[in-house]
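Residue numbering for the sequence shown follows the numbering used here, starting at 23 and increasing by one per position.
Glycine is no exception: its CB is placed at the ideal position from the N, C-alpha and C atoms.
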Amino acid sequence: MRLALLAVVGVLCQITTMAQWQRAVIVRPQYLDITEIHVANPTAVVVGGLRNDTLVIARSSDRGATFTIVYEALTFGGGSGILTMTSVNDSVLFACGERVFVVSSDTGKSWSDAAPLLPDSILSRLGTYYNLTSSASYRGQYTVISGYVGGNFKPIYLRYYPHTGTWQVIESLAIYDGMTAVSDRVVYAHIWDSEAYKSVDTGSTYSRISRDPLYNVYDISFSDSIVGRVAGWWFSSTTDGGATWNNKQVCRHGCSSVVFVDTLNGWIGSSQALFRTTDGGLTWQDQTKFIDTRPLPSNYWDAKHLAAIDSNIAFFGGREGLWVTFNGGVGTTSADPSGDRSHPNGLQLSPNPAIDDITITTPTASAGRLLIVDQAGRTVYERVVASTSSIDHTLRVSTDQFQRGVYLVLFQSADGVVAEKLLVSW
Numbered sequence: 023m024r025l026a027l028l029a030v031v032g033v034l035c036q037i038t039t040m041a042q043w044q045r046a047v048i049v050r051p052q053y054l055d056i057t058e059i060h061v062a063n064p065t066a067v068v069v070g071g072l073r074n075d076t077l078v079i080a081r082s083s084d085r086g087a088t089f090t091i092v093y094e095a096l097t098f099g100g101g102s103g104i105l106t107m108t109s110v111n112d113s114v115l116f117a118c119g120e121r122v123f124v125v126s127s128d129t130g131k132s133w134s135d136a137a138p139l140l141p142d143s144i145l146s147r148l149g150t151y152y153n154l155t156s157s158a159s160y161r162g163q164y165t166v167i168s169g170y171v172g173g174n175f176k177p178i179y180l181r182y183y184p185h186t187g188t189w190q191v192i193e194s195l196a197i198y199d200g201m202t203a204v205s206d207r208v209v210y211a212h213i214w215d216s217e218a219y220k221s222v223d224t225g226s227t228y229s230r231i232s233r234d235p236l237y238n239v240y241d242i243s244f245s246d247s248i249v250g251r252v253a254g255w256w257f258s259s260t261t262d263g264g265a266t267w268n269n270k271q272v273c274r275h276g277c278s279s280v281v282f283v284d285t286l287n288g289w290i291g292s293s294q295a296l297f298r299t300t301d302g303g304l305t306w307q308d309q310t311k312f313i314d315t316r317p318l319p320s321n322y323w324d325a326k327h328l329a330a331i332d333s334n335i336a337f338f339g340g341r342e343g344l345w346v347t348f349n350g351g352v353g354t355t356s357a358d359p360s361g362d363r364s365h366p367n368g369l370q371l372s373p374n375p376a377i378d379d380i381t382i383t384t385p386t387a388s389a390g391r392l393l394i395v396d397q398a399g400r401t402v403y404e405r406v407v408a409s410t411s412s413i414d415h416t417l418r419v420s421t422d423q424f425q426r427g428v429y430l431v432l433f434q435s436a437d438g439v440v441a442e443k444l445l446v447s448w
């Protein structure tokens with residue numbers, strides 16, 4: 023195996039290894055079952071997950087290089103966790119699910135119960151049991167939320183205007199499992215394993231998109247009001263707002279998630295398959311073989327949830343974790359990625375002998391702890407650093423110490439984590 027020290031001097035863009043889909047580094051949890059992935063802005067990514075009976079929200083501020091848990095709460099009898107997240111505007115996020123509705127006013131850095139923000143009319147409609155299953159927002163103009171209340175699954179549909187703080191309850195006959203808002207009036211929605219719908223009045227009413235070309239809809243992604251894609255038994259695409267559709271079978275037994283970052287680049291996934299397109303869905307490249315599933319069996323993962331920052335940085339998650347790629351998921355052609363390599367956007371990959379010295383520099387000289395944390399959040403190395411006048415702290419590592427994977431090197435002081443680097447072993 024080899025070691026690579028990744029010094030993050032700008033924003034993290036690419037990691038060159040044989041497996042291009044790697045487990046994301048989530049500091050100090052065990053594995054999470056991922057229930058939602060949301061890109062809040064080009065640098066901030068927020069994920070919702072479950073760890074046993076604990077609901078977890080984790081956030082990355084470095085384009086997916088590392089995630090830190092920012093919110094935890096016990097679920098009620100298990101619960102389904104965070105089912106949907108949406109950016110109400112540039113700073114406010116909503117996260118909803120089964121008996122959970124929390125809000126962040128700082129792009130996901132901290133979270134609190136949304137109840138104080140809701141009028142009594144909304145709280146009374148939600149009652150003691152609710153499950154909010156999908157949400158969508160459009161450029162700070164409005165947010166729509168769908169779900170159901172009570173044990174009889176009565177649909178509820180909420181609309182929020184952030185500029186005025188106004189909430190509305192819209193009478194609805196359907197419970198939508200996914201929504202995407204594409205203009206100041208147009209919203210697309212779908213019901214899991216069923217049909218897709220379109221609204222041209224900000225969700226007040228929906229009309230069904232013809233079922234014939236859209237068979238067993240699982241996910242829907244529109245890049246504007248007329249260009250969209252659907253994951254289901256087929257991969258379906260439209261360029262006329264859903265009037266006509268082109269179908270292609272991509273996943274053998276149907277696909278459960280789809281995401282596009284522009285008109286050409288996107289991914290589609292299922293429980294046992296992951297594909298990428300660079301030509302708008304005309305052709306697809308199988309990326310399944312580039313997924314590093316260790317230490318799980320090779321078939322124990324799923325891509326139920328997909329999200330992407332751009333055509334290079336993308337995420338998928340489901341049972342047992344979160345995966346990330348920094349180069350579009352494309353596998354390397356070289357079997358030996360050693361040697362000097364420089365990558366754009368500030369990433370430097372250094373030469374890698376079997377034994378190497380890692381130096382981490384802190385802003386000021388201080389006492390603290392030098393840690394190496396693995397992808398499951400376990401501390402695999404720790405050294406106490408006494409008070410010193412030096413801002414440079416060095417530790418020697420060898421390939422014998424590390425299994426294949428991504429590690430986080432941290433220096434913790436009384437002020438918290440004051441410096442960090444990534445270490446990749448392959």
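Taking a contact as a CB-CB distance under 8 Å, the pair Arg45 and Asp314 counts as one, their CB atoms being some 7 Å apart.
Just so you know, the alpha carbons of Leu139 and Leu145 end up roughly 10 Å apart. Here the alpha carbon of Asp199 sits roughly 19 Å from the alpha carbon of Arg341. Under DSSP, Tyr170 shares a beta bridge with Asn153, Pro177. In the three-state reduction of the DSSP assignment, Asp142 falls in the helix class, which pools H, G and I.
For Gly302, there is no enclosing beta strand (DSSP E), since its DSSP letter is neither H nor E. Arg207 sits away from Ile192, with the two beta carbons spaced by 7 Å or more. Here Ala203 is not near His212, since their CB atoms are 7 Å or more apart. Under the three-state reduction of DSSP, Arg230 is assigned to strand.
The stretch 56–66 makes contact with the stretch 327–341; the number of CB pairs closer than 8 Å reaches 3 or more. Rounded to whole angstroms, the gap between the alpha carbons of Ser113 and Asp128 is 5 Å. Shown here, Arg73 sits in a strand according to DSSP, grouped into three states. Rounded to the nearest angstrom, the Cβ distance from Lys220 to Ser226 is 12 Å, too far for a contact under 8 Å. Beta bridge pairing from DSSP links Arg251 with Ser243, Ser259. Taking C-beta atoms under 8 Å as the contact rule, Ile104 and Thr57 qualify, at a distance of about 5 Å. If you compare the alpha carbons of Thr300, Thr299, Val47, Asp75 with that of Ser82, the shortest gap goes to Val47.
Contact check for Arg391 against Gln434 passes: the beta carbons are separated by less than 7 Å. A straight-line Cα-Cα distance of about 9 Å links Ile197 and Leu154. Here Lys311 carries a helix assignment [DSSP, helix/strand/coil]. No Cβ-Cβ contact shorter than 7 Å links Pro177 with Ser159. Annotation: the continuous beta strand (DSSP E) that includes Trp289 extends over 288–291.
One thing to note: Val272 has its Cβ within 7 Å of the Cβ of Phe297.
Taking the Cα of Leu430 as reference, the smallest distance to any Cα among Val395, Arg400, Thr401, Leu417 is reached at Val395. In the DSSP annotation of this structure, the continuous segment of the beta strand (DSSP E) that includes Gly390 starts and ends at 390–395. For Gly351, the CB contacts under 8 Å within the same chain, skipping 5 residues up- and downstream, are Gln42, Trp43, Trp289, Leu296, Arg298, Gln309, Phe312, Ala336 in chain order. With contacts defined as CB atoms closer than 7 Å, Val239 and Gly254 qualify as a contacting pair.
When C-alpha distances from Ser134 are compared across Ala95, Thr106, Ala389, the shortest belongs to Ala95.
Under DSSP, His275 takes part in no beta bridge, so it has no partner. Shown here, Ala196 sits in coil according to DSSP, grouped into three states, outside any helix or strand. Of the candidates Asp223, His275, Thr285, Thr285 places its Cα closest to the Cα of Thr260. Burial check for Thr165: the Cβ neighbour count within 10 Å reaches 16 or more, so the residue is buried. When rounded, the separation of the alpha-carbon atoms in Ser132 and Tyr93 is 7 Å. Annotation: Arg161 to Asp414 spans about 44 Å, alpha carbon to alpha carbon.
Taking each of Thr76, Gly187, Gln294 in turn and checking the Cα distance to Val110, the smallest one comes out for Gly187.
Taking the Cβ atoms as the reference, Ser247 lies roughly 14 Å from Phe282, outside the contact range of under 8 Å.
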